Amino acid sequence: MFIEQAYKGNNKWWRVLITTLLTAGVFIGNFVAYFFMTKEQLEEVYKSMKEIPSNWSLIINLSPFILLLGMLFLLVKTLHNRDILSITTSRNKIDFKRFFFSLGLIVLLSILGFAVSYFMDSKGIIWNFNPMKFGLLFLISILFFPFQIAYEEYLFRGYLMQQIGILVKNRWFPLIFTSVMFGLFHSANPEVAKMGFGVMAFYIGTGFFLGIITLMDESMELALGFHLGNNLIAALLITSDFSALQTDAVFRYSGVENPVDMLNEMLVSIAIVYPILLFIFAKKYNWTNWSTKLSGKVENQSINNI
Numbered sequence: 000m001f002i003e004q005a006y007k008g009n010n011k012w013w014r015v016l017i018t019t020l021l022t023a024g025v026f027i028g029n030f031v032a033y034f035f036m037t038k039e040q041l042e043e044v045y046k047s048m049k050e051i052p053s054n055w056s057l058i059i060n061l062s063p064f065i066l067l068l069g070m071l072f073l074l075v076k077t078l079h080n081r082d083i084l085s086i087t088t089s090r091n092k093i094d095f096k097r098f099f100f101s102l103g104l105i106v107l108l109s110i111l112g113f114a115v116s117y118f119m120d121s122k123g124i125i126w127n128f129n130p131m132k133f134g135l136l137f138l139i140s141i142l143f144f145p146f147q148i149a150y151e152e153y154l155f156r157g158y159l160m161q162q163i164g165i166l167v168k169n170r171w172f173p174l175i176f177t178s179v180m181f182g183l184f185h186s187a188n189p190e191v192a193k194m195g196f197g198v199m200a201f202y203i204g205t206g207f208f209l210g211i212i213t214l215m216d217e218s219m220e221l222a223l224g225f226h227l228g229n230n231l232i233a234a235l236l237i238t239s240d241f242s243a244l245q246t247d248a249v250f251r252y253s254g255v256e257n258p259v260d261m262l263n264e265m266l267v268s269i270a271i272v273y274p275i276l277l278f279i280f281a282k283k284y285n286w287t288n289w290s291t292k293l294s295g296k297v298e299n300q301s302i303n304n305i
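Start counting the sequence shown at 0; every next residue gets the next number (numbering that gives the first Met the number 0).
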């Protein structure tokens, strides 16, 4: 069982507190700063971000996740006396086929969905492809995004879900808590300022989806694959003036788009795409006992608990 993997380590409260503060501090800091900054200060921050060349901005934004992921792995290994496999999966080894299946599936569905939307109504979307700039963007994305998505998944769906689960002795609370926190910690993104807090439903909904597939599969490969595919598509396929990351993507919103319409499209998209993905995963991997896996009790069955 995935959450129960935490029992293999040293779970004294101060160790959990140190690991959480050191690895989640960047989220906590951004979250606090966002609510104490005025609207004018936020606009100035977003404006200064846009002045940095897009590829350099991407590198600057993604580089810290290399350090944070390394710190999380180091603390799990040394402070909790656990191996990385235990916060990745309940199986004996990582299943890379699951990872690549999930990545490929979300990329395919995203491209198909965009193609349908584009051919139905392409106004407001402009061709932005520059071979040299896109090639560099692709290289940066392939090198840096895996660290960013791995950090977020290992922190929320791995470490925190497991530690909270063995603390409260159930599965439903860590699923809800980590999903909401995952959403809230994206509240400083420029999209929120542009489209309003309604967009938080998208981030929190995505957190729930990632948490559900992790608990149902008793492993994180599907969540890691989805998250990477989603972020690669967000960086490479289409960008906008108020995206969290400005990139030299293939397409760009013209800047005259209606934020309300875009928000509605996002919410409709997750209402359709996420259930489809859940159905495909459930059929392919024979998921059963949904109620138990998503809301059941967490019990220590380890005889070698440290």
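For glycine and all other residues, C-beta sits at the position ideal for the given N, C-alpha and C.
Keep in mind that this is a model prediction, so the values were computed, not measured.
### Query
When the distance is taken between beta carbons, is Asn-299 closer than 8 Å to Tyr-6?
Contact flag set, yes.
### Message
According to DSSP, simplified to helix, strand and coil, what is Thr-177?
### Response
Thr-177 falls in the helix class under three-state DSSP.
### Query
How long is the line joining the alpha carbons of Asn-303 and Leu-154, rounded to whole angstroms?
Summary for Asn-303: the model assigns pLDDT 44, below 50, so the residue's position carries little reliability; its value from the coordinates is reported in the next sentence. The alpha-carbon atoms of Asn-303 and Leu-154 are separated by roughly 25 Å.
### Query
Any idea what DSSP makes of Lys-296, helix, strand or coil?
Three-state DSSP puts Lys-296 in a strand.
#### Entry: Cβ-based burial, Thr-210 [other Cβ within 10 Å; buried from 16]
Note that residue 210 corresponds to Gly in the displayed sequence, not to Thr. Buried, by the Cβ-count rule.
### Task
Ignore the nearest five residues each way along the sequence and tell me which others in Asn-263's own chain have a CB closer than 8 Å to its CB.
Nothing listed; no residue qualifies.
### Query
In chain order, what residues of the same chain lie with their CB nearer than 6 Å to the CB of Arg-251, ignoring the 5 residues before and after it?
Cβ within range, chain order: Ile-125, Asn-127 and Thr-238.
### Message
Quick check: what's the CA-CA separation for Leu-135 versus Ala-248?
### Response
Our two residues, Leu-135 and Ala-248, have alpha carbons roughly 11 Å apart in a direct line.
### Task
Just the C-alpha distance for Tyr-150 and Leu-67, rounded to the nearest angstrom, thanks.
Answer to the nearest angstrom: the Cα atoms are 7 Å apart.
### Task
Express the C-alpha separation of Ser-85 and Leu-221 in angstroms, rounding to a whole number.
Distance between the alpha carbons of Leu-221 and Ser-85: 16 Å.
### Task
Compare the Cα-Cα distances from Gly-204 to each of Met-215, Leu-183 and Leu-223 and report the closest residue.
If you compare the alpha carbons of Met-215, Leu-183 and Leu-223 with that of Gly-204, the shortest gap goes to Leu-183.
### Query
What are the start and end residues of the alpha helix (DSSP H) that includes Ile-58?
Unbroken alpha helix (DSSP H) run through Ile-58: 53 to 61.
### Query
If we count the other Cβ atoms within 10 Å of its Cβ and call it buried at 16 or more, is Pro-145 buried or exposed?
Counting Cβ neighbours within 10 Å, Pro-145 comes out buried, since at least 16 surround it.
#### Entry: C-alpha distance - Asn-129 paired with Phe-137, whole-angstrom precision
Distance from the CA atom of Asn-129 to the CA atom of Phe-137, rounded to whole angstroms, is 12 Å.
### Query
For Asn-263, does the three-state DSSP call read helix, strand or coil?
Residue state, collapsed to three classes: helix.
### Query
Which partner residues does Phe-250 have in the DSSP bridge list?
DSSP lists Trp-126 and Ile-237 as the beta-bridge partner residues of Phe-250.
### Task
Quick one: measure Cβ to Cβ for Gly-164 and Ile-2, integer angstroms, because I've assumed they're closer than 8 Å.
So it is a contact: roughly 4 Å between Cβ atoms.
### Task
Inspect the beta-carbon positions of His-79 and Arg-14 and report whether they are closer than 8 Å.
In contact: His-79 and Arg-14 (Cβ atoms closer than 8 Å).
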